[in-house]
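Protein chains: 2
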Amino acid sequence: MQAGTGTGRMQTGDDTTAEAATVPGRREANRREIEGQILAAAEQVFAEAGFGGATMQLIADLAGLPKANLHYYFPTKEALYRRVVERIFLIWLQAAESFDAAEGPAAGIGGYIDAKMEISRRYPAGSKVWAAEVMHGAPVIQDYLETTLRDWSEDRQAMIRAWIAEGRMAPVDPRHLLWMIWATTQHYADFGHQIEVLNGGPLSDADWQAAKDSVRGMILRGLGLTP
Amino acid sequence: MQAGTGTGRMQTGDDTTAEAATVPGRREANRREIEGQILAAAEQVFAEAGFGGATMQLIADLAGLPKANLHYYFPTKEALYRRVVERIFLIWLQAAESFDAAEGPAAGIGGYIDAKMEISRRYPAGSKVWAAEVMHGAPVIQDYLETTLRDWSEDRQAMIRAWIAEGRMAPVDPRHLLWMIWATTQHYADFGHQIEVLNGGPLSDADWQAAKDSVRGMILRGLGLTP
DNA sequence: TCCTGTGTTGACCGTATGGTCAGGTTTAAC
DNA sequence: GTTAAACCTGACCATACGGTCAACACAGGA
Numbered sequence: 001m002q003a004g005t006g007t008g009r010m011q012t013g014d015d016t017t018a019e020a021a022t023v024p025g026r027r028e029a030n031r032r033e034i035e036g037q038i039l040a041a042a043e044q045v046f047a048e049a050g051f052g053g054a055t056m057q058l059i060a061d062l063a064g065l066p067k068a069n070l071h072y073y074f075p076t077k078e079a080l081y082r083r084v085v086e087r088i089f090l091i092w093l094q095a096a097e098s099f100d101a102a103e104g105p106a107a108g109i110g111g112y113i114d115a116k117m118e119i120s121r122r123y124p125a126g127s128k129v130w131a132a133e134v135m136h137g138a139p140v141i142q143d144y145l146e147t148t149l150r151d152w153s154e155d156r157q158a159m160i161r162a163w164i165a166e167g168r169m170a171p172v173d174p175r176h177l178l179w180m181i182w183a184t185t186q187h188y189a190d191f192g193h194q195i196e197v198l199n200g201g202p203l204s205d206a207d208w209q210a211a212k213d214s215v216r217g218m219i220l221r222g223l224g225l226t227p
Numbered sequence: 228m229q230a231g232t233g234t235g236r237m238q239t240g241d242d243t244t245a246e247a248a249t250v251p252g253r254r255e256a257n258r259r260e261i262e263g264q265i266l267a268a269a270e271q272v273f274a275e276a277g278f279g280g281a282t283m284q285l286i287a288d289l290a291g292l293p294k295a296n297l298h299y300y301f302p303t304k305e306a307l308y309r310r311v312v313e314r315i316f317l318i319w320l321q322a323a324e325s326f327d328a329a330e331g332p333a334a335g336i337g338g339y340i341d342a343k344m345e346i347s348r349r350y351p352a353g354s355k356v357w358a359a360e361v362m363h364g365a366p367v368i369q370d371y372l373e374t375t376l377r378d379w380s381e382d383r384q385a386m387i388r389a390w391i392a393e394g395r396m397a398p399v400d401p402r403h404l405l406w407m408i409w410a411t412t413q414h415y416a417d418f419g420h421q422i423e424v425l426n427g428g429p430l431s432d433a434d435w436q437a438a439k440d441s442v443r444g445m446i447l448r449g450l451g452l453t454p
């Protein structure tokens, strides 16, 4: 059970120090590249083994670095883990743009489903890390749930309620709709292994397209919309 | 990363030795009770901390037993873990009865959804353990996926295909439908913490009923059925 | 009452893990 | 060229963990 104070603020990624007015610099570029390698390796290992099962040695090996080097870039295992979780969370938030830019429920919700399916396909490891974190009671990102995610949720629920009030979709509880979208799309990442076994192998491009169409179709029809 | 040979066969629970022809015996009853305590504690701890994060000491404390006693009833941490995973899997299989006994898609699929929602409510810890196990690549229950679950899946898919052929429901891919049902129902257990945060507290009885109705309604409408 | 098999447990052990650190190397500003 | 900061890493440490074991308690059949 991770310690996890959950106090830290989200790092938006642009932590360029103001005084570094020189050229971007090989130093900084190199640092970013190595941090990226470590984060990628960590995401993989955390996804496969969980926080408790992951070891800094495994991550170091996968990143091709000595273990001590990891602790130079990330002070603790938990700090590294936090960065991995933050990354997938930011990616998911960005998927909401397809939601917002839409002019109606079919395009908005359909586009959001497509975007989330695409993320499940591209970042399955990140999705698993997030899932495990939430399942364990969100010891590290509790504050995001209570602030960013909650606000985000309420905004989308308001949009959905407006569409319902305008008679543009069936009157469903917006919360359960959102949860259904999250559950269904993320299932293809989190339970990807089970899906591959039942599918008799990895999903092909066509399989993914069919999955996307199927999920979008079922949900939109469930909302009284014609996909 | 657990070792997990995945070779073991499923224990159906009736491991009464044939020669123990005496009365059921306090001995045997006591043994079962203690095993049950340990399994319940283990399920809780595995769900909260993951396999790697769980410790035999934590489980022992929760069960109110000395650690060494755990190893008397379960030889290794992994053996104990396996029993926990098997338990939820059997429960899920039983939920299929509502599926089979139905005379049509609305009752069959609707009943199955209700049953799975009820399980999510009653056994959230077990569901989380299963989810984590699959997410980590099913190191311990790979054989169930390839045998029992696969067979089960194909049988239900055949039923759904038959209903579709009879024109009793919309022509959807049965696999994606099953996965959607699993994803949506289990989400209420696996992501229960997130749901509680967004809900501003635990789901009430009415909330659960609304969730059930909402999920069943959306999916059945998505299948062209009237719930 | 003895005796045997079942259960109980504190103390212990080997190992693996997260993290530290001193000493070294490279970079880049002047 | 000099210097200071940033970067790198093998060796090391304290701790926590899964698992073992020997000694003990106790039930119940003879």
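Going down the list, the protein sequences come from chains A and B.
Each residue of the first sequence is one higher than the last, beginning at 1 in this note's numbering.
Each residue of the second sequence is one higher than the last, beginning at 228 in this note's numbering.
No residue lacks a Cβ here, since even glycine has one placed at the ideal position from N, Cα and C.
None of the values given here were measured: they were computed from a predicted structure.
Terminal residues of the alpha helix (DSSP H) in which residue i lies
| i | result |
| --- | --- |
| B/E260 | 253-280 |
| B/P351 | 351-362 |
| B/D400 | Neither: B/D400 is in no alpha helix (DSSP H) and is coded neither H nor E. |
| B/F316 | 304-321 |
| B/F326 | 324-327 |
| B/I387 | 377-392 |
| B/V424 | 419-426 |
| B/A365 | First-last for B/A365: undefined, no H or E at that position. |
| B/S441 | 432-449 |
| B/L297 | 294-300 |
| A/L58 | 56-63 |
Other residues of its chain near residue i: CB distance less than 8 Å, five sequence neighbours each side excluded
| i | result |
| --- | --- |
| B/W409 | K343 |
| B/T453 | A333, L447 |
| B/S325 | G335, G338, Y339, D341, A342 |
| B/V285 | The question names Val, yet the displayed sequence has Leu at residue 285 of chain B. Excluding residues within five positions, the ones whose Cβ falls inside 8 Å are V272, A276. |
Residue environment, residue i, which counts as buried when at least 16 other CB atoms sit within 10 Å
| i | result |
| --- | --- |
| B/T412 | buried |
| A/Y72 | exposed |
| B/G331 | exposed |
| B/G484 | The structure shown does not extend to residue 484 of chain B, since chain B spans only 228 to 454, so no value can be given for it. |
| A/S204 | exposed |
| B/I320 | Here residue 320 of chain B is Leu; the residue named in the question, Ile, does not match the sequence. Exposed, because fewer than 16 other Cβ atoms sit within 10 Å of the Cβ of B/L320. |
| B/Q271 | buried |
| B/R383 | buried |
| A/R31 | exposed |
| A/D100 | exposed |
| A/P174 | buried |
| A/E133 | buried |
| A/G64 | exposed |
| A/A165 | exposed |
Candidates the options, of which the one nearest residue i by Cα
| i | options | result |
| --- | --- | --- |
| A/F89 | A/F74, A/I195, A/P124 | A/P124 |
| A/Y81 | A/G137, A/A41, A/S120, A/E103 | A/A41 |
| A/E146 | B/Q384, B/I422, B/I346 | B/I422 |
| A/T76 | A/P66, A/V85, A/M56, A/I119 | A/M56 |
| B/E262 | B/W435, B/G280, B/A287 | B/A287 |
| A/V197 | B/A276, B/R377, B/A334 | B/R377 |
| A/M180 | A/V215, A/R168, A/G167, A/Q37 | A/V215 |
| B/R310 | B/G335, B/G353, B/L285, B/A256 | B/G353 |
| A/H187 | A/M169, A/A211, A/A165, A/A206 | A/A211 |
| B/H403 | A/G167, A/V172, A/L178, A/N199 | A/N199 |
| B/S380 | B/G449, B/G364, B/L405, B/M362 | B/L405 |
| A/V172 | B/A256, B/A433, B/G444, B/L297 | B/G444 |
Cross-chain neighbours of residue i in chain A, by beta carbon under 7 Å
| i | result |
| --- | --- |
| B/W390 | Under the 7 Å cutoff, chain A gives no residues; its nearest Cβ is about 15 Å from B/W390. |
| B/K355 | M135 |
Contact set for residue i: own chain, Cβ-Cβ below 7 Å, skip 5 residues either direction
| i | result |
| --- | --- |
| B/Q229 | With a pLDDT of only 45 at B/Q229, under 50, the local geometry of the prediction cannot be trusted, and no value is derived from it. |
| A/K128 | A47, A189, D190 |
| A/V95 | As written in the sequence, residue 95 of chain A is Ala, which differs from the Val given in the question. Answer for A/A95: Y112, A115, K116, I119, listed in chain order. |
| A/P66 | A60 |
Partners in chain A for residue i, counting only beta-carbon separations shorter than 8 Å
| i | result |
| --- | --- |
| B/A410 | A183, T184, Q186, H187, F191 |
| B/F278 | G50, G52, G53 |
| B/E373 | V197 |
| B/I336 | Ordered by position in chain A, no residue passes the 8 Å Cβ test against B/I336, which lies about 12 Å from the chain. |
| B/I446 | M218, G222 |
| B/R377 | V197, L198 |
Heavy atom of the ligand ZN within 7 Å of residue i beta-carbon
| i | result |
| --- | --- |
| A/V172 | Here there are no bound small molecules, and the ligand ZN is not part of this structure. |
Partner residues on chain B for residue i, Cβ-Cβ distance less than 7 Å
| i | result |
| --- | --- |
| A/W231 | Outside the displayed range of chain A (1 to 227) lies residue 231 of chain A, so it cannot be described from this structure. |
| A/D173 | A437, S441 |
| A/M159 | Near A/M159 there are no residues of chain B at all, since even the closest Cβ is about 16 Å away, more than 7 Å. |
Other residues of its chain near residue i: CB distance less than 6 Å, five sequence neighbours each side excluded
| i | result |
| --- | --- |
| A/F74 | L80 |
| A/V23 | Here the model assigns A/V23 a pLDDT of 43, short of 50, so the residue's position is not dependable and the matter cannot be decided. |
| A/A131 | D190 |
| B/G419 | P351 |
| B/G235 | Here the model assigns B/G235 a pLDDT of 36, short of 50, so the residue's position is not dependable and the matter cannot be decided. |
| B/W390 | P332, M396 |
Contacts of residue i in chain B (Cβ-Cβ under 9 Å)
| i | result |
| --- | --- |
| A/A96 | Those within 9 Å of A/A96 in chain B number zero; the least Cβ separation is about 15 Å. |
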